[in-house]
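Peer 1: Each number in the numbering used here corresponds to the 1-based position in the sequence shown with 1316 added.
From the three backbone atoms N, C-alpha and C, an ideal C-beta is built for every residue, glycine too.
As the structure is a computational prediction, the values presented were derived from the model and not from experiment.
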Amino acid sequence: MLDKAKSEGVRFDNGDNIWIGARRRAACSTREGIGAEEGGFNPDPNHPCSRLQAFEWVNGVAQNPPDIEDRWIAEVEPLFYDNAENCVELLKGVRNWEFWPKDVVGDKKLNDLYCGRHLYYFCGKEAPIVKTDK
1317 MLDKAKSEGV RFDNGDNIWI GARRRAACST REGIGAEEGG FNPDPNHPCS
1367 RLQAFEWVNG VAQNPPDIED RWIAEVEPLF YDNAENCVEL LKGVRNWEFW
1417 PKDVVGDKKL NDLYCGRHLY YFCGKEAPIV KTDK
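1. Looking at the strands, I want to know which residues DSSP matches up with R1411.
2. Please report the Cβ distance between A1352 and P1382, rounded to the nearest whole angstrom; I am assuming they are in contact, meaning their Cβ atoms lie under 8 angstroms.
3. Tell me the DSSP secondary structure of G1436 in three-state form.
4. So what does DSSP say about D1398, is it helix, strand or coil?
5. Taking one C-beta from the region 1414-1422 and one from the region 1384-1402 each time, how about it: are there three or more such pairs within less than 8 angstroms?
Here is the structure:
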C-alpha cells in the first residue's frame, strides 16, 4: 500500500511516520492505572495495562487488541513520556532517540507518541473470518 502511494507521488521520507490507529486504553493513561512508577506499561503480563493490553484500536475497527507486544522499537517502549504518549506510530528509517539504542533501524517498528502530532495514517477494518466448504 505504501509503495503504491509513493509510486503515485506521495512524499514519504525517513523522517515521516504513520499513525496506525491504536490508542492507549483510558484505564492505562495514568500512572495509577498502569501500576508502575515509570514506563508506559505494567511488566506483569496478566495486568490490564501490560505491554500487550495497554492499547486498543480506535473507532471499533477490530475486536482484538493490537498484536504489538514484540514490535516496539526498544525494550523501554511504550514509554509514556511525560505521561502524555497515548497514540502509536509506525516508524521508518534509522532513529536516534535518547531512550533507544544508537542508530536503531526503525523500519516497521512502533513507538508511542503524543496524539496531537500530524502524521500519515492507514484506514481499514478487521476482516471477518469466513469458512468455506473447500
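Peer 2: This is what the structure holds:
1. For this step, residue 1411 is matched to residue 95 along the sequence shown. Per DSSP, the beta bridge partners of R1411 are V1420.
2. Position 36 of the sequence shown holds residue 1352. Position 66 of the sequence shown holds residue 1382. At roughly 20 angstroms, the Cβ-Cβ gap does not stay under 8 angstroms, so A1352 and P1382 are not in contact.
3. Numbered from its first residue, the sequence shown carries residue 1436 at position 120. A small fix is needed here, since residue 1436 is Tyr in this sequence, not Gly. Under the three-state reduction of DSSP, Y1436 is assigned to strand.
4. In the sequence shown, counting from the first residue as 1, residue 1398 sits at position 82. Note: D1398 maps to helix in three-state DSSP.
5. As far as the Cβ criterion goes, the region 1414-1422 touches the region 1384-1402, which means the pair count is three or higher.
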